[in-house]
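Take a look at the structure below.
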Amino acid sequence: MSKGDTSLILGSAGQIGTDLVSTLRELNGGSKVIAADVKEQTGFLSESGPFLKLDVLDATAVADAITKNNVKEVYLLAALLSATAEQKMKAAWRLNMDSLFILLDIAKEKKDLKIFWPSSIAVFGPSTPRVHTPQFCVKDPSTVYGISKLAGEHWGEYYFNKFGVDIRSIRYPGLISYKALPGGGTTDYAVDIYHQALDKGSYTCFLKEDTALPMMYMPDAIRATLELMDAPAHEVKIRSSYNLGGISFTPEEIAAEIKKHIPEFSINYAPDFRQDIADSWPKSIDDSRAQEDWGWKCKYDLSSTSIDMLKHLKEARHMV
Ligand code: AKB
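Sequence positions in the sequence shown follow numbering that gives the first Met the number 0 and run 0 to 319.
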């Protein structure tokens, strides 16, 4: 982002938004980063910089927020994730798709607006190669969330090709963070497990022990997002969405890692409807195009993620 430009983060109170707002405000100064969310916020989102109570489905309010504040970058993070979207099909489709159209149409008119829109490993499905899933391959999502993300990727690419809209996107794997809890995802267990390990010393996992999924520690995910947004436009050769790999592990493997720090920790398994979703997703991702096009490199592995997560969660609980 150029110095002096303002960014708007829609859906800022969620798992990614919380970390993104705090990083952007540290980098660019609080006043240049407008946090917006449908729910009123107290705490750092409204205290460390401007905050707007804003519904992403209100096209006029979104357009006004952009024009009045001379916003040059918008991060659209409001969405219903995979597990919730299965329970609220139409609401998920409406939120995930209509919010994107509102923003694409605004960007079509305003030629100097850059958009970030998150996609997901949920765009892949049962016929996709599951190990080291390539950037370009069969995509047959079997969830409402995955269908919305795949459609959104195509619409973003269409608006780039037809109208020159500068949209950039990443297919996030499951994200692990300590600042805010995820909500309604299939990969949420990989965050809950650290909290429960500290609070109860045990965890009941809603996925089977050998279910491998691609994951990433939030500092890597935020760095990837900002590197993609800062890349010169000609380097961003994929305008649907970039694969992003990170780490790949099973519930059994993360539990073994936690046991290194909390030896009495125990895990048991009670798979529910989220098992079917996880079984339709890749086990690991090939992100060589992100590496080639804009120099992406993941830093955190499962061991360093676990050390950092436990350190911060213990600090928040005054356990150290
Ligand atoms: C979910 O589990 O729904 C999300 C995702 C992988 O996009 N974390």
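Just so you know, even glycine gets a beta-carbon here, dropped at the ideal spot from N, CA and C. Being a predicted model, the structure only gives us computed values, none of them experimental.
**Message:** Can you confirm whether tyrosine 241, when its beta carbon is compared against all beta carbons of chain D, has any partner nearer than 8 Å?
**Reply:** In summary, chain D is missing from the structure at hand, where a single protein chain is found.
**Asked** Where proline 125 and tryptophan 116 are concerned, what is the direct C-alpha to C-alpha distance, given to the nearest angstrom?
**Response** Roughly 24 Å separates the two Cα atoms.
**Request:** Given a cut-off of 8 Å, decide if valine 122 and glycine 155 are closer than it, judged by their beta-carbon atoms.
**Result:** no
**Prompt:** With 16 as the cutoff for other CB atoms within 10 Å, does alanine 315 come out buried or exposed?
**Reply:** Residue environment: alanine 315 is assigned as exposed (fewer than 16 neighbouring CB atoms within 10 Å of its CB, all protein chains considered).
**Message:** With a threshold of 7 Å (Cβ to nearest heavy atom), would alanine 121 be considered close to ligand 1?
**Reply:** yes
**Prompt:** Is it the case that the CB of tyrosine 144 approaches a heavy atom of ligand 1 more closely than 7 Å?
**Reply:** yes
**Asked** With respect to the alpha helix (DSSP H) encompassing methionine 228, which residues constitute its N-terminal and C-terminal limits?
**Response** 217 to 229
**Asked** Since alanine 35 is in the beta strand (DSSP E), which residue starts that stretch and which ends it?
**Response** 32 to 36
**Prompt:** Based on Cα-Cα distance, which residue from Lys148, Leu243 and Asp139 lies nearest to leucine 174?
**Reply:** Leu243
**Item:** Straight-line Cα distance separating valine 55 from serine 303
**Value:** 36 Å
**Item:** Supposed close pair arginine 273, alanine 82 - CB separation, criterion 8 Å
**Value:** Contact holds; Cβ gap of about 5 Å.
**Asked** Is it buried or exposed for valine 319, if we count other Cβ within 10 angstroms and need 16 for buried?
**Response** exposed
**Request:** Pull up the CB-CB distance for tyrosine 171 and leucine 312, whole angstroms please, since I reckon it's below 8 Å.
**Result:** The Cβ separation is near 21 Å, so there is no contact.
**Asked** Smallest Cα separation from isoleucine 266: which of Glu208, Gly151 and Arg24?
**Response** Glu208
**Near ligand 3: tyrosine 158 beta-carbon under 7 Å from a heavy atom** = Ligand 3 is absent from the structure shown, which contains only ligand 1.
**Prompt:** Looking only at its own chain, which residues have a Cβ that is under 8 Å from the Cβ of tyrosine 158, when we skip the five neighbours before and after it?
**Reply:** Leu103, Ala106, Lys107, Val164 and Ile166
**Asked** Can you pull the DSSP bridge partners for glycine 173?
**Response** Met214
**Message:** Can you determine whether any heavy atom of ligand 1 sits closer than 7 Å to the C-beta of threonine 5, and answer yes or no?
**Reply:** no
**Message:** Going by DSSP, what residue range makes up the beta strand (DSSP E) through phenylalanine 115?
**Reply:** 113 to 115
**Request:** May I ask whether a heavy atom of ligand 1 can be found less than 7 Å away from the beta carbon of glycine 173?
**Result:** yes
**Asked** lysine 89 and leucine 79: beta carbons closer than 8 Å?
**Response** no
**Request:** Look at isoleucine 261 and glycine 200 and say whether their C-beta atoms are less than 8 Å apart.
**Result:** It is a contact, given that the beta carbons lie within the stated cut-off.
**Asked** So leucine 206 is in the beta strand (DSSP E); what residue range does that whole segment cover?
**Response** From DSSP, leucine 206 is part of no beta strand (DSSP E); its letter is neither H nor E.
**Length-filtered (4 minimum) alpha helix (DSSP H) runs lying within the stretch 140 to 205** = 143 to 162 and 188 to 198
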